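**Q**
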Amino acid sequence: MRSRRAEPDLASILDSIASPTRLKMLKSLAQRKLGYSELAKAIGMNRDKDAGKFSYHLKKLLSNGLIEVDSSIGKYTLSRRGTLILKYLEKVEEELGQRSLMIVRRSDQLIEPFDKNKIADALVKEAKLSPRLAREVASITEKKLFDLKIDYLTAPLIRELVNSILLDMGLEKYRHRLTRLGMPLYDVIKLLKKSFQLKDWKIFFEESSGAVTREYLLLSYLPREVAELHLSGKIDIYPISGWIFGLFSKRFNLDAGDISKAAAKILEELLLIKHELRILGSEAQIAKLLEIIGDRIPEKRVISLNFSEKLLNRIGALPEGLQRKLGFLISLRKTDLADTPRIIRDLNKLQTAYVYSLSEDVGFSGFVLDQSHTEIHSIITLNLLGTALESRGEVDVMLSKVSDYVRTVIPILNRGLNLSMKLRGAGSTYSLISISGLLEASKYLARNKSQVMEEAIEIAAEILSEINNSIPRGSGRILLGGRCPRSAARRFKQIDVYRYGEKQLNNLLSGDADIYSTIPFPKLNRLRDLDHWIDLVRKLAGHFDGGCTLTVKTQRSAKILRELLFRINEIRKVNQRSIIILE
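For the sequence shown, my numbering begins at 324 and goes up steadily by one.
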């Protein structure tokens, strides 16, 4: 009776990989299958001169089951055991710091450590390679990237290298499936399906052109220093996909002319306006305009209007899709707060958003839109919490970094404004610098002080003063905004979790927040906090010449608003360009 060959024990396996030569053989076979002569050449040996030595190492790996022979082609290949051993060896090398960590700037503007398994997964999913062949290509890609020692590693660059390797391996049909059309072919197909499902062709054209614009902006148009600040989460450029041709928001005055022509003009404008169109006119004009426009407003847009009872009564007859894209500004000076509960109930039934405003010179988004500032080109947001952590809690270092970031982005904002002027002619367009994580950053910087909250407010005021002092004054082209896009605050946290760890960030954020704060003031939760809240607003609100957003979060909002009305002049004195959001 034939006895089965004994399985090698752990000591034998460890002994077999202890030799640098045998380890090199394993790594070579991880890239592709090799014949006897090919393997010898791959590790720098001569098949004739070093035959004895090479044969010894080869038998050692074969006897321990780390490699095997593919009898169909007569070449050596890694066994399942060898693949597993090599995988854990690579992990150990990374943990011990023996391999430098490569950081990838992804297409969705996040950063992450390089992971060859993601390349393999993408090759299987997008190019339809077999898992084995995909792992082989991924291993070759990883080795080339390590050998090239590239400082600025991006997702498009990795895709180019993978395509080159596929060509070298004679896999042209697979490479064709990875062809980039401004965005990966796979993503184009998904976007087409989404457009057909929602029966909206504008989604495809807007998102596909936006992807091209975004990549061109980050890879070519912007200075590398600015692109790197954006990709690494120090700043956020918004709206990045519409930065070259579009606007963030615009103020539009209806004149006494033909409303049908105005409607056509507005629908044309909305293809380039990425967030808010503020429309001013008589109630009759606006009602007629909305009837003509119907449900043809692109997604993610807001038509903001001054609230009136007559308009409220008429929007119920409009398409539901349009009702959800309206945003009412309810004037605190013109509205009887006794009517507030009824107004809120009616607006909630219609799923129509609303805010309270202290002035008609501010838009639904909380930014200035007056006769001198009719268009907002873009917003660059500063990641203040990330900067505070990077400064290791040193206030002076933090202020210096913030000032440097502002001075770095000013030329880019001016460049965007000049580009907008070339496309649209001379106008009253401006851009914003906004902030995210001011409260969290200030508390972190004041953590060792005896009066943390009071000291945090003083630090917050110091940070805002530093930002304002770094912005050129006089032209009114760049203002400081008291609110930032939620997408910026969310992206900052996603990147900083990788950089500083989720535990540390969660200790600095309130509750289970998945984003940094988007406004520089805490929410007003209770009536008894009103005095302290107004005092804080008075200390900080005056810094925001681009508009200010305040938030009231309570079940009894009418009572708080009534109290606010008696003291609203205290806020109006420091910043009348404000809105109040009820949550």
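Glycine included, each C-beta is placed from N, C-alpha and C at the ideal position. In this text the structure is predicted, and so the values were computed from the model without any measurement.
1) Which first and last residues belong to the beta strand (DSSP E) in which Gly-650 is found?
2) Pull the bridge partners of Pro-436 from the DSSP assignment, please.
3) Which residues does DSSP list as the beta-bridge partners of Phe-575?
4) If I measure Cβ to Cβ from Arg-537 and keep anything under 6 Å in the same chain, skipping five residues before and after, which residues do I get?
5) Between which two residues does the alpha helix (DSSP H) containing Ile-512 stretch?
6) Val-392 bridges to which residues according to DSSP?
7) Does DSSP put Ser-723 in a helix, a strand or coil?
8) Does the beta-carbon distance from Leu-349 to Thr-400 come in below 8 Å?
9) Is it right to say Ile-512 is buried, meaning 16 or more other beta carbons lie within 10 angstroms of its own, or is it exposed?
10) Three or more C-beta pairs closer than 8 Å, one from the segment 648-657 and one from the segment 679-686: is that the case here?
11) Helix, strand or coil for Ser-765 per DSSP?
12) Would you mind giving the Cβ-Cβ distance between Pro-843 and Ala-783, rounded to the nearest angstrom? I have them listed as a contact below 8 Å.
13) For Tyr-411, does the three-state DSSP call read helix, strand or coil?
14) Kindly give me the distance between the Cβ atoms of Ile-838 and Gly-804, rounded to whole angstroms, as I take these residues to be in contact under 8 Å.
15) What's the C-alpha gap between Leu-708 and Tyr-539?
16) Cα separation between Leu-590 and Lys-472?
17) Return the chain-ordered list of same chain residues with a C-beta closer than 8 Å to the C-beta of Asn-892, the five sequence neighbours on each side being excluded.
18) Determine the burial state of Asp-618: buried for a count of at least 16 other Cβ atoms within 10 Å of its Cβ, exposed for fewer.
19) Assuming Thr-704 and Pro-808 make a contact with CB atoms under 8 Å, what is their CB distance in whole Å?
20) Mind checking Val-729: buried by the 16 CB within 10 Å criterion, or exposed?
21) Report all residues from its chain with a CB closer than 7 Å to the CB of Lys-525; omit the five preceding and five following residues, and keep chain order.
22) Here's a check: name, in chain order, each residue in its chain whose Cβ is nearer than 8 Å to the Cβ of Val-897, leaving out the five neighbours to either side.
23) The alpha helix (DSSP H) spanning Ile-838 covers which residue range?
24) Let me make sure I understand the geometry here. Which of Leu-670, Leu-600 and His-499 has the alpha-carbon closest to that of Ile-626?
25) Check whether the segment 779-794 touches the segment 601-614, counting contact only when three or more Cβ pairs, one atom from each stretch, lie closer than 8 Å.
26) Report the three-state DSSP secondary structure of Arg-327 (helix, strand or coil).
27) Are the beta-carbon atoms belonging to Lys-573 and Ile-596 less than 8 Å from one another?
28) Out of curiosity, what's the CA-to-CA distance linking Arg-327 and Thr-502?
29) What number of angstroms, rounded off, separates the C-alpha of Gly-689 from the C-alpha of Leu-508?
30) Measure the C-alpha to C-alpha separation of Val-720 and Lys-557 and round it to an integer number of angstroms.
31) Would a C-beta distance cut-off of 8 Å place Ser-531 and Leu-542 closer than the cut-off?
32) With H, G and I counted as helix, E and B as strand and the rest as coil, what does DSSP make of Asn-848?
**A** Walking through what the data contain:
1) 649-654
2) Ile-426
3) Ile-602
4) Ile-563 and Ser-564
5) 508-521
6) Tyr-399
7) helix
8) no
9) exposed
10) yes
11) helix
12) 7 Å
13) helix
14) Actually they are not in contact, since the Cβ atoms of Ile-838 and Gly-804 sit about 17 Å apart, beyond 8 Å.
15) 29 Å
16) 49 Å
17) none
18) exposed
19) 7 Å
20) buried
21) Pro-621
22) Val-860, Arg-861, Ala-864 and Gly-865
23) No alpha helix (DSSP H) contains Ile-838, which DSSP labels as neither H nor E.
24) Leu-600
25) no
26) Low confidence applies here, because Arg-327 scores a pLDDT of 48, under 50, leaving its location unreliable; read the following figure in that light. Here Arg-327 sits in coil by DSSP.
27) yes
28) Because the pLDDT at Arg-327 is just 48, under 50, the model does not fix this residue reliably, and the point stays unresolved.
29) 38 Å
30) 15 Å
31) no
32) coil
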